[in-house]
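Taken in order, the sequence shown gives residues 0 to 326; the numbers are from numbering that gives the first Met the number 0.
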Amino acid sequence: MAVYTDVAADELADFLNQYDLGELLSYKGIAEGVENSNFLLHTTKGSFILTLYEKRVAKNDLPYFLGLMTHLAEHGVSCPLPVRAKDGEALRELSGRPAAIITFLEGVWPRKPNATHCAGVGEGLARMHLAGANFAVRRANALSVAGWRPLFDAAASRADEVQPGLRAFLAAELDYLSGGVWPDNLPEGVIHADLFNDNVFFLGDKLSGIIDFTFACNDMLAYDVAICLNAWCFEPDHSFNVTKARAFLNAYGRVRKLSEAEEAALPLLARGAAIRFLLTRLVDWLNVPPGALVKPKDPLEYVRKLRFHQSVTSVRDYGLMPSGLVA
Ligand SMILES: Nc1ncnc2c1ncn2[C@@H]1O[C@H](COP(=O)(O)OP(=O)(O)O)[C@@H](O)[C@H]1O
Ligand SMILES: N[C@@H](CCOP(=O)(O)O)C(=O)O
């Protein structure tokens, strides 16, 4: 998260009067993350997170995110719960933005994830996929193949300022991925779509909860696996860590087994997952709003990840035997 929209103390106190959350004791903006404005609130009834939804979030989608958190929590996933105001509504408006308060989740996101964390995420992701199976509401993935071209168009003219040749590299990859190769027959369901290490909390080595459902949608479950491979299984020097990947994939597979078709599609899905985050990061890198409390994320990290997946021919390179047996 970040802070794009400031909230004054008296405005917040008025806002909180709509809830049964006691008196405001203190609040502060959270400098982490890049998408929305987030504040940690301390009231006489405890700690809460206030989110003001910003740029990439469509107001119409908010009931999906809030409903999904409630559904997942009811089905055994540890995640924040939306807090309803006195009128029963969780989604409100503050400082001209859609806003919601969610419960505070204990835990710390891992700054240096190890293979045990990766296994925890694999298991947690698979459990989330199973828990989402009977969520009745649907939301298409706005950031799948069709959503990548507009991002490219928004950044293309300045892409080479970030790295010479980046524009041509992205154009070629986009042409390839949108040229009919993208799978359309893999199992679908609710995916988190942004399960990076700053969205997974641990207490010790044990996963304590999953946050940030603002990209959640219905899409291929294996695409979520690919997003996590990228987010969790590379080192700070951008080399791929096959031990982490094996730990992640095997833990996922113990809860929800990937089909052979899903395994075979993983390299392609990982390329798609890489260009999706490369493009949003590039757009954000080139358009930091003046005065915003935000640290944009490095798009070039994802160029290196994408190049790695371009060289992958089999799921063996991710530490799995093609049959799904442990390598
Ligand atoms: N329910 C929560 N409980 C505790 N901390 C939270 C919670 N939600 C968010 N945070 C804190 O805010 C940070 C950013 O949240 P995140 O949802 O990732 O932001 P964004 O809306 O920008 O994607 C997290 O890394 C965490 O420190
Ligand atoms: N995970 C994305 C950025 C958006 O997620 P946030 O949770 O950090 O706001 C990336 O790494 O590009």
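Where is the CB? At the ideal position from N, CA and C, for every residue including glycine. In this text the structure is predicted, and so the values were computed from the model without any measurement.
Exclusion of the five residues before and after D211 leaves D193 and N198 as the residues of its chain whose Cβ lies within less than 7 Å of its Cβ.
Look at the beta carbons and you see the region 21-37 touching the region 49-57: at least three pairs across the two are nearer than 8 Å. Taking C-beta atoms under 8 Å as the contact rule, A244 and Y317 qualify, at a distance of about 5 Å. Judged by DSSP secondary structure, H41 falls within the beta strand (DSSP E) whose first and last residues are S36 to T42. With 16 or more other CB atoms across the displayed protein chains lying within 10 angstroms of its CB, R255 is buried. Here the alpha carbon of L220 sits roughly 20 Å from the alpha carbon of L206. At least one heavy atom of ligand 1 sits closer than 7 Å to the Cβ of N35. For the 8 Å CB-CB criterion, L24 and T42 form a contact.
Three or more Cβ pairs closer than 8 Å define a contact, and the region 154-174 meets that threshold against the region 301-321. Relative to ligand 2, the nearest heavy atom lies less than 7 Å away from the CB of T279. In its chain, beyond the 5 residues on either side, P112, C117, V120, N196, K243 and F247 have a beta carbon closer than 7 Å to the beta carbon of W231. By the criterion of a C-beta distance shorter than 8 Å, V107 is surrounded in its chain by F200, F201 and L202, once the five residues flanking it on both sides are discounted. Under DSSP, F200 forms a beta bridge with G208. Contact between the region 127-144 and the region 64-78 is established, with three or more Cβ pairs separated by less than 8 Å. A distance below 8 Å separates the beta carbons of L278 and A154. Measuring C-alpha to C-alpha distances from D19 to each of A98, S156 and G45 identifies G45 as the nearest.
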